Amino acid sequence: VNPAPIKHFARVIALLAIRIMPPEIRQWGIAMRYEVEIIERADRAVMFAFGCLAFACRQALIFYVLRPALLTVGATSFTIQEASMMNLQNNLLQHPQRIGAICGILATGLGLVYMGIAGAPVSYLAMNISALLIGFLLAGIVALIARSGQLRAGTASLALGTILLLTSLFGIEAGGATRWISLGGVALQPGLIILPVVAISFAACRDALSTASLILASLAVAIQPDRAMSGALAAGMLTLTLIKPDRHSLIATGAASCGFMATMLQVDIQPAMPYVDQILYSSFDVHPLAGMAVLAGASLMILPSVIGRLYDSDQQHIFAVFGVVWLSIIVAAALGNYPTPLVGYGGSAIIGYFVSLIALPKRASPERLDTRETAVITKERDQHNLCLGLSYSN
Amino acid sequence: MIMSRNRALSPAARKIFAFLAGNGQAWSHGYELCRQAKVKSGTLYPLLIRLEAQGYLEAEWQPPTEPGRPPRHAYRLTEAGHRLASEVAAQPLPIQPQTRSESFA
Chain Z
148 VNPAPIKHFA RVIALLAIRI MPPEIRQWGI AMRYEVEIIE RADRAVMFAF
198 GCLAFACRQA LIFYVLRPAL LTVGATSFTI QEASMMNLQN NLLQHPQRIG
248 AICGILATGL GLVYMGIAGA PVSYLAMNIS ALLIGFLLAG IVALIARSGQ
298 LRAGTASLAL GTILLLTSLF GIEAGGATRW ISLGGVALQP GLIILPVVAI
348 SFAACRDALS TASLILASLA VAIQPDRAMS GALAAGMLTL TLIKPDRHSL
398 IATGAASCGF MATMLQVDIQ PAMPYVDQIL YSSFDVHPLA GMAVLAGASL
448 MILPSVIGRL YDSDQQHIFA VFGVVWLSII VAAALGNYPT PLVGYGGSAI
498 IGYFVSLIAL PKRASPERLD TRETAVITKE RDQHNLCLGL SYSN
Chain V
2 MIMSRNRALS PAARKIFAFL AGNGQAWSHG YELCRQAKVK SGTLYPLLIR
52 LEAQGYLEAE WQPPTEPGRP PRHAYRLTEA GHRLASEVAA QPLPIQPQTR
102 SESFA
């Protein structure tokens, strides 16, 4: 194989990385570009260039998207503004669970806006608010138990997988699907509550018990059948295997994919429920503002995954699974008659979202040299550090 | 600016630090660091930039050694960097995420 075109491809990738990079670090891009030139083997040059491009994309996202979004408009003192951003970065951006909680609250709020504009019954709004509180409470209780060391991820995951399977076998049947249970007269969909946390905790800790739980969960959603949850699980596990391939993730991907295929072979004729299914489309028919609220709410749900991946390269597989699972549920809701999480009527997804946050890392641990409080922070250094995603911790 | 102190460096960062420290006052280049520390370029450069921004790393452009070759960006630890490298080398390895996440939280 003639290496010249491959080497040229590597150069193009490196040049693209320079173009994308924020101005402050562009000279580093030039350094990378020249390194590509030095590398003898064309394939290694391409790999090196792709790494540089990935880094450039991350920095561009921080510099062009995240930074402007965080900047307070109209502040008179830039230095103070930057310092307060540092606090924000320090206190919030490094805590994925907090980001997730804020995104979850905002998304649920936007869902209430949509339902309010669409004229949904007040009881629907009350139900979602109750679910928000229950989700918060439940997540808090589980987090406390986990912190006490009494809850092992593998054991808990297996218990959740078993509950899911029991739901599929003995739950409430409607329209040929068995996905629900009744709790105090309220119908809940355990799949939406349990499956995301099982998938994300599996990404965080893969062992024999959690793999068994994944197999049980795959079987459960295949029996129900639930294409949305089954597809979300398969997509999440496939993502995990691509980032962190190992024996457990391969088995889980195999089980989840088989489960998804099984759901595709079965008939799923659930009718669309108002304020629940298909609202990504129908909300724009109601009012453009309602549509925007739904769209913004759905996007917010994925935001913790994006920020987590930007700030924590060591644990990005966990954030990736979180993002892919919830994105798949949203996409499934757009494609079929499945509940639109958080922004639509339905408490299960709201509870499930908050519970799934427990499986995220408590604190992002990027490859960085953390710094202690600074006495004097220059504007230039602040700007530079900010664009690099640095944090100042106490 | 008060100089920063390290906390829980990742294994990749430790390897890069160790290699740079081992090189003493000699200059190293990006690709060489990637190969020696066995890290990807997407991991190496953010770390180099941070080290440089925090005063632990010195970077300079070196002219081409042969005609037709590009200039190269070279790196070595500063005095503060060497001190930090010694501290890092003395510290135990950080707990890996997989172990830390075992109990959900």
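For the protein sequence lines, the chains are Z and V, in the order given.
Going by the numbering used here, the first sequence opens with residue 148, and the numbers climb by one from there.
Going by the numbering used here, the second sequence opens with residue 2, and the numbers climb by one from there.
Cβ coordinates follow ideal geometry from the N, Cα and C atoms, glycine included.
Predicted model, so just to flag it, every value in this text is computed and none were measured.
- CB of GLY438 (chain Z) within 8 Å of CB of PHE407 (chain Z), strictly: no
- By Cβ distance, which residues of its chain are closer than 6 Å to THR410 (chain Z), with the 5 residues on each side in sequence left out? ALA369, PRO372, ARG374, SER377
- Message: Classify GLN463 (chain Z): buried if its beta carbon has 16 or more other beta carbons within 10 angstroms, exposed otherwise.
- Response: Taking every protein chain shown into account, the CB of GLN463 (chain Z) has 16 or more other CB atoms within 10 angstroms, so this residue is buried.
- For HIS242 (chain Z), count neighbouring Cβ atoms within 10 angstroms of its own Cβ and tell me buried if that reaches 16, exposed if not. buried
- Task: Step through the CB atoms of chain V and report whether any lies within less than 8 Å of the CB of GLY198 (chain Z).
- Result: yes
- Start-to-end residues for the alpha helix (DSSP H) that takes in GLN462 (chain Z): Premise fails: GLN462 (chain Z) is in no alpha helix (DSSP H) and is neither H nor E.
- Task: List the residues of chain V whose Cβ lies closer than 7 Å to the Cβ of ALA178 (chain Z), in chain order.
- Result: Within 7 Å Cβ-Cβ: GLY31, HIS74.
- Task: Kindly indicate if chain V contains any beta-carbon less than 8 Å away from that of ASP373 (chain Z).
- Result: No, because no Cβ of chain V sits closer than 8 Å to the Cβ of ASP373 (chain Z).
- Item | For ASP424 (chain Z): DSSP bridge partner residues | Z:PRO486
- Message: Quick check on the burial criterion: 16 or more other C-beta atoms within 10 angstroms. Buried or exposed for ARG294 (chain Z)?
- Response: exposed
- Query: Of all the options Z:ALA203, Z:GLN244, Z:PHE202, which has the alpha carbon lying nearest to the alpha carbon of PRO508 (chain Z)?
  - Reply: Z:GLN244
- Query: Hey, quick one: how far does the beta strand (DSSP E) through TYR76 (chain V) stretch, first residue to last?
  - Reply: 73-78
- Name the two residues that bound the continuous beta strand (DSSP E) containing TRP28 (chain V). Looking at the DSSP string, TRP28 (chain V) is not in any beta strand (DSSP E), and its letter there is neither H nor E.
- Task: Reducing DSSP to helix, strand and coil, say where SER360 (chain Z) ends up.
- Result: If DSSP states are grouped into helix, strand and coil, SER360 (chain Z) belongs with the helices.
- Would TYR181 (chain Z) count as contacting chain V if we go by Cβ distances under 8 Å? yes
- Task: Could you tell me which chain V residues have their CB closer than 8 Å to the CB of ILE185 (chain Z), listed as they occur along the chain?
- Result: HIS30, TYR32, ARG70, PRO71, ARG73, listed in chain order.
- Report the rounded CA-to-CA distance for ALA22 (chain V) versus ALA86 (chain V), giving the unit in angstroms. Taking the straight line joining both Cα atoms gives about 6 Å.
- Query: Within the present structure, is the beta-carbon of LEU312 (chain Z) separated from the nearest heavy atom of the ligand COA by less than 7 Å?
  - Reply: The model depicted lacks the ligand COA and carries no ligand whatsoever.
- Message: Counting only C-beta atoms, is PRO47 (chain V) closer than 8 Å to chain Z at any point?
- Response: PRO47 (chain V) counts as touching chain Z.
- Should ILE416 (chain Z) go down as buried or exposed, given a rule of 16 or more other Cβ atoms within 10 Å for buried? Counting every other CB atom within 10 Å of its CB across the protein chains shown gives ILE416 (chain Z) a total below 16, marking it as exposed.
- Query: Are the C-beta atoms of GLY23 (chain V) and some chain Z residue less than 8 Å apart?
  - Reply: With 8 Å as the cut-off, GLY23 (chain V) does not count as an interface residue toward chain Z.
- Message: Quick check on ALA346 (chain Z): does DSSP put it in helix, strand or coil?
- Response: helix
- Query: Taking the Cβ atom as the reference point for each residue, do HIS395 (chain Z) and ARG353 (chain Z) lie within a distance shorter than 8 Å?
  - Reply: yes
- Message: Which residues does DSSP list as the beta-bridge partners of ALA178 (chain Z)?
- Response: In the DSSP output, where bridge partners are listed per residue, ALA178 (chain Z) has none listed.
- Item | Beta-carbon contacts of VAL40 (chain V) that lie in its chain and below 6 Å, excluding the five residues immediately before and after | ALA13
- Give the DSSP-derived three-state secondary structure of LEU442 (chain Z) in the structure shown. Secondary structure at LEU442 (chain Z): helix, using DSSP grouped into helix, strand and coil.
- Query: Under the rule that 16 or more other beta-carbon atoms within 10 Å means buried, what is ASN149 (chain Z), buried or exposed?
  - Reply: exposed
- Message: Please list the terminal residues of the continuous beta strand (DSSP E) segment that includes ILE505 (chain Z).
- Response: That residue, ILE505 (chain Z), is in no beta strand (DSSP E); it is neither H nor E in DSSP.
- Query: Comparing alpha-carbon positions, which option in Z:LEU208, Z:CYS204, Z:LEU163, Z:MET179 lies nearest PHE195 (chain Z)?
  - Reply: Z:MET179
- Item | Supposed contact pair GLY483 (chain Z) and LEU339 (chain Z) - C-beta distance, whole angstroms, cut 8 Å | That belief does not hold up - the Cβ atoms of LEU339 (chain Z) and GLY483 (chain Z) are roughly 14 Å apart, past 8 Å.
- Message: Check for me: the alpha helix (DSSP H) holding SER295 (chain Z) runs from which residue to which?
- Response: Here SER295 (chain Z) belongs to no alpha helix (DSSP H), and DSSP marks it neither H nor E.
- Report all residues from its chain with a CB closer than 8 Å to the CB of SER277 (chain Z); omit the five preceding and five following residues, and keep chain order. GLY494
- Query: What distance in whole Å lies between the Cβ atoms of THR309 (chain Z) and LEU363 (chain Z), which are believed to be in contact at a cut-off of 8 Å?
  - Reply: 6 Å
- Item | 7 Å CB neighbourhood of LEU78 (chain V) in its chain, flanking five on each side removed | LEU21, ALA22, TYR57, LEU58, ALA86
- Considering only the beta carbon of each residue, do PHE469 (chain Z) and PRO451 (chain Z) sit closer than 8 Å? yes
- Task: Measure the beta-carbon distance from ALA286 (chain Z) to ILE505 (chain Z) and round it to whole angstroms, keeping in mind my assumption that it falls under 8 Å.
- Result: ILE505 (chain Z) and ALA286 (chain Z) do touch by the CB rule: their CB atoms are close to 5 Å apart, below 8 Å.
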